Amino acid sequence: MSATHTDSPPTTTPPIADEADPAEGENPLARLTPEQIESLGRELDAIHDEVYADLGERDARYIRSTIALHRRLVLAARALLLGSRYRPLWLAGTAALSVAKILENMEIGHNVMHGQWDWMNDPDINSRNWDWDTASPADAWRHSHNYEHHTFTNIRGLDRDLGYEIMRIDSHQRWHPVYLLQPLYNLVLMGFFEWGVALHDLNFDAIRSGEKSKGKVIDELKAIGVKARRQVVKDYIAFPALSAALSAALPPGRSGRRRSRAARRGFRATLAADFTANIVRNVWAHSIIFCGHFPDQTYTFSQEEVADETRGGWYVRQLLGSANIDGSPLFHLLAGNLSFQVEHHLYPDMPSSRYAEIAPRVRDVCRRYGLPYNTGPLSRQLGTVHRTILRLAFPGGRPRRKPGPTSPAGARTAPGR
Amino acid sequence: MAERGAIPQVPAVRRRALRLISSFTSPLLPDDYLELVNPLWSTRELRGRIERVERESEDTVTLTIKPGWEWPGHRPGQYIRLGVEVDGIHHWRAYSLTSAPGRADGCITITPKLVHGGRVSPFLFGRVQPGTIVRLGGVEGTFTLPDPLPARLLFISAGSGITPIISMLRELDAGGELCDIVHLHCSHTAEGVAFARELSALDARHPGYRLQVRVTGEQGRLAAPELDALCPDWPEREAFLCGPPGLLEAMTERWARDGDPGRLHVERFQPDAHIGDGERGTGGAIRFCASGVDAHSDGEQPILIAGETAGAQLPYGCRMGICHSCVGRLRSGRVRDLRTGRVHGQPGELLRTCVNAPEGAVEIEL
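So the sequences go chain by chain: W and E.
Each residue of the first sequence is one higher than the one before, counting from 1 in the working numbering.
Each residue of the second sequence is one higher than the one before, counting from 1 in the working numbering.
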């Protein structure tokens, strides 16, 4: 099956010229024989089928309790923030709300909207009617992420998530003076990531080329507008007003002036708390997601390299193009298990709670086929990402040296620096 | 989209209040938080709590369910769709309501029969515990008593076909209307008769209700010609028939030949999900319910491609089974997963149309 073999492949011209570098190391994909690729595909299929045959009560309990945890956290956070004009309450409430928003965005929203829990056939936990507390309308995101990014992962010119159309994240991308500003606008993107993603889903290339009709663009803009309005009303009007009302009412028996001053302070403190929580969530999501495909270890692919790609070849591309982040179970939960980016890209529809369980088996497959299993601690992964963003703001640059085949589980190869 | 329960009858004031609060909960609903306290409070869909689980006969069990909101009512003979989770997966099944409408405790009852090898009935029969929350779909069915009530009635039921009839009998009993009713009931064994004691009690109490139980394991099946002996005035009676296909066919034929088919009311239980044991890769007809397009697959063509070939506008994405952009709900039929060869499909299940082909006729809600 060829990844580009669909009825309507994105017909946008690659925004980047493909400047193959002869000095570049050999892509491990080229080293495998078709037979090896096919048998690797069978092995990885088997892992998927085994997990899917085993899904049941335990998994259903996991996602339900995660969703319940999120909602309880929200209730706790909002309750604390009613007293936001008191510093300790502000801090505790803001922290709780930030964690709640992160959970909702990553482990719940992203994964539910991937269809990871559709097998439960539960109308309340379903990719078709889930909506999340971010700026991206669910439908548009599902298309640009589930379909475009997960099908064309790391194919230069097809995967619009490679640099998100505004960054030079791969040395094959042709330099342009505007990229000099990318370290700066990356900082802005960090803080307002959800808005970046929402605008990215519009697909400006498709709009420019006329592939996307004006009507559709207007509909999608309206949808973003609705999401924006709801976030603004909730986080910047409704809850601050509630805090203001409570601050004015309690304690009773104060003068009108003191009451209105307390109300103003309550309003501002809650507004600041909500804004902070949104920023924290955005920075966190940006960091985890940029670590998924942009650390030094990952490969990108030209369209020629992946022409006539088989299912096995698709798997290999996902393995080479994604990178994990090491961490504790709590870290993985907050990362929405996207810290198992490799496993997620092999099996986008597998319940995220299963990634940790299959990770040793995926690593073993990599070892036996002489493929890298990309992973590293957050500091290193994020460090290499930001180094790339800085370096590629300037002309030139070449792919970083790759770590090479993975060693047996546990021992990690030295990073190729 | 996965099936939901019926929209409950919620007081308008409450709905308005919830809508107001939703500014605070968006994109979630106030319901999502209230359900942490009590899942029955959902205003999105009607749910119920199983209050009691009582063995009715050797292979039937009666579940008493308390709906979360006031029961909208039903007519005896109608059925309800029940959503229940078994091993993490949500299933929907239709069951006749066995309770008479308007019970004082506000509860309803259903009486499922154990189907060996099934998914839902073994759970309801042996595993479900009081306190379990279920989803309640809409009340459906036209197998109901006419108004005004005909003077003479004939009930013919077999096995679990008693379930819509018992609701009618209870209603008639409560209204003192068991005046002239002949009831022929067939059961494989004497122990298998559901509601046996209640039926005998009615028989003893009301001279106008005459029950004849046929134990088919000993006496053989009820044949259409026997009607003349068992109930000589059958053509003059308004008849209600519910049972296995063989019985329905025989009786329908008899009414068509010697009676007035307009006076025969028949309830056909929806066939179980198992539609034949077709060979692998048979393909079949595909009906896209929402778009009204009919298509056909040779067994190798996925539903999506077959539909597009036939001109349907269908959602799609990766076309390789990973992105779930193309899912549609299966209304009926079975499909084959082209990746694994596995034949599967339950009514109400979400299918990826890009990697499944029909295995016999299917209906998809797309």
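The beta-carbon is built from N, C-alpha and C at its ideal position, and this holds for glycine as well.
Because the structure is a prediction, the values reported are computed rather than measured.
Distance, Cα to Cα, residue i vs residue j?
i              : j              : result
residue 145(W) : residue 157(W) : 15 Å
residue 281(W) : residue 387(W) : 22 Å
residue 367(E) : residue 42(E)  : An answer regarding residue 367(E) cannot be provided, because it is not within the stretch 1 to 366 covered by chain E.
residue 354(W) : residue 51(W)  : 8 Å
residue 374(W) : residue 405(W) : 9 Å
residue 333(W) : residue 67(W)  : 12 Å
residue 122(E) : residue 166(E) : 22 Å
residue 384(E) : residue 125(W) : Chain E is shown from 1 up to 366; residue 384(E) falls before or after that span and cannot be answered.
residue 283(W) : residue 116(E) : 54 Å
residue 180(E) : residue 10(E)  : 40 Å
residue 314(E) : residue 340(E) : 23 Å
residue 350(E) : residue 90(E)  : 11 Å
residue 162(W) : residue 319(E) : 22 Å
residue 27(W)  : residue 403(W) : 12 Å
residue 96(E)  : residue 81(E)  : 9 Å
residue 348(E) : residue 121(W) : 8 Å
residue 23(W)  : residue 32(E)  : Residue placement at residue 23(W) cannot be trusted, given a pLDDT of 41 that sits under 50; what the coordinates show is reported in the next sentence. Each residue's alpha carbon lies about 56 Å from the other.
residue 86(E)  : residue 150(E) : 42 Å
residue 186(E) : residue 198(E) : 16 Å
residue 251(W) : residue 224(W) : 40 Å
residue 264(E) : residue 136(E) : 30 Å
residue 176(E) : residue 242(E) : 23 Å
What is the DSSP secondary structure of residue i, counted as helix, strand or coil?
i              : result
residue 343(E) : strand
residue 212(E) : strand
residue 406(E) : No answer is possible for residue 406(E): the residues shown for chain E start at 1 and end at 366.
residue 196(E) : helix
residue 168(W) : coil
residue 41(W)  : helix
residue 396(W) : coil
residue 194(W) : helix
residue 314(W) : helix
residue 29(W)  : helix
residue 136(E) : strand
residue 8(W)   : In this prediction, residue 8(W) has a pLDDT of 40, which is less than 50 and means its spatial position is unreliable; nothing more can be read from the coordinates.
residue 92(E)  : strand
residue 366(E) : coil
residue 401(W) : coil
residue 107(E) : coil
Give me the chain E residues within the contact set of residue i, using Cβ-Cβ distance strictly less than 8 Å, ordered along the chain.
i              : result
residue 238(W) : 23 and 24
residue 127(W) : 324 and 327
residue 151(W) : 317, 318, 320, 322 and 323
residue 233(W) : 23 and 26
Show which residues of chain W have a CB atom less than 9 Å away from the CB atom of residue i.
i             : result
residue 36(E) : 68, 71, 72 and 75
residue 32(E) : 67, 71 and 124
Starting from residue i, find everything on chain E with Cβ-Cβ shorter than 9 Å and list it in chain order.
i              : result
residue 123(W) : 1, 2, 3, 4, 5, 44, 45, 83, 90 and 135
residue 142(W) : 317, 323, 324 and 325
Mind pulling the chain E residues with CB within less than 7 Å of residue i?
i              : result
residue 160(W) : Near residue 160(W) there are no residues of chain E at all, since even the closest Cβ is about 15 Å away, more than 7 Å.
residue 432(W) : Since the first and last residues shown for chain W are 1 and 417, residue 432(W) lies out of range.
residue 147(W) : 317, 318, 323 and 325
residue 316(W) : Per Cβ cutoff of 7 Å: no residues; residue 316(W) is ~15 Å from chain E at best.
residue 112(W) : Here the premise fails: no neighbours, minimum Cβ distance about 10 Å.
Going along chain W, which residues have a C-beta under 7 Å from residue i?
i              : result
residue 350(E) : 118 and 121
residue 27(E)  : 131, 132, 133 and 230
residue 87(E)  : 56 and 57
Give the residues of chain W in contact with residue i, contact being defined as C-beta atoms less than 8 Å apart.
i              : result
residue 340(E) : 49
Evaluate contact between the region 303–322 of chain W and the region 252–264 of chain W, counting only Cβ atoms and requiring at least three cross-stretch pairs below 8 Å. Two segments are said to touch when three or more pairs of C-beta atoms, one from each, lie closer than 8 Å; by this definition the region 303–322 of chain W does not touch the region 252–264 of chain W.
Start-end ranges of the beta strand (DSSP E) lying completely within the region 253–331 of chain E, minimum 3 residues: DSSP runs (the beta strand (DSSP E)) wholly in the region 253–331 of chain E: 264–267, 284–288 and 293–297.
Does the structure place the region 174–188 of chain W close enough to the region 200–219 of chain W that three or more beta carbon pairs sit under 8 Å? Here the region 200–219 of chain W does not lie against the region 174–188 of chain W, with fewer than 3 beta-carbon pairs under 8 Å apart.
Length-filtered (3 minimum) beta strand (DSSP E) runs lying within the region 85–162 of chain W: Listed in chain order, nothing qualifies, since the region 85–162 of chain W has no complete beta strand (DSSP E) run of 3 or more residues.
Can we say the region 57–73 of chain E touches the region 105–116 of chain E, given the rule of at least three CB pairs closer than 8 Å? Touching, yes.
Using 8 Å as the Cβ pair cut-off and three pairs as the minimum, do the region 152–170 of chain W and the region 388–395 of chain W touch? The region 152–170 of chain W makes contact with the region 388–395 of chain W; the number of CB pairs closer than 8 Å reaches 3 or more.
Per the contact definition of three or more C-beta pairs closer than 8 Å, is the region 191–199 of chain E in contact with the region 225–235 of chain E? Result no; under three Cβ-Cβ pairs closer than 8 Å.
Do the region 70–80 of chain E and the region 140–156 of chain E touch if we need at least three Cβ pairs shorter than 8 Å? Using a C-beta cut-off of 8 Å, the region 70–80 of chain E makes contact with the region 140–156 of chain E, since at least three inter-stretch Cβ pairs fall below that distance.
Do the region 292–301 of chain E and the region 118–138 of chain W touch if we need at least three Cβ pairs shorter than 8 Å? Using a Cβ-Cβ distance cut-off of 8 Å, the region 292–301 of chain E and the region 118–138 of chain W are not in contact, since fewer than three pairs of beta carbons, one from each stretch, lie closer than that value.
Examine the Cβ distances between the region 38–46 of chain W and the region 365–383 of chain W and report whether three or more of them are shorter than 8 Å. A contact exists between the region 38–46 of chain W and the region 365–383 of chain W.
Continuous alpha helix (DSSP H) assignments of at least 4 residues falling wholly in the region 215–272 of chain W: Listed in chain order, the alpha helix (DSSP H) elements of length 4 or more contained wholly in the region 215–272 of chain W are 239–249.
Every unbroken alpha helix (DSSP H) within the region 125–178 of chain E, with a cutoff of 4 residues, ordered by chain: Counting only runs of 4 or more residues that sit fully inside the region 125–178 of chain E, the alpha helix (DSSP H) segments are 162–174, in chain order.
Closer than 8 Å is the cut-off here; do at least three beta carbon pairs connect the region 213–221 of chain E with the region 122–138 of chain E? No: the two stretches stay apart, fewer than three of their Cβ pairs being nearer than 8 Å.
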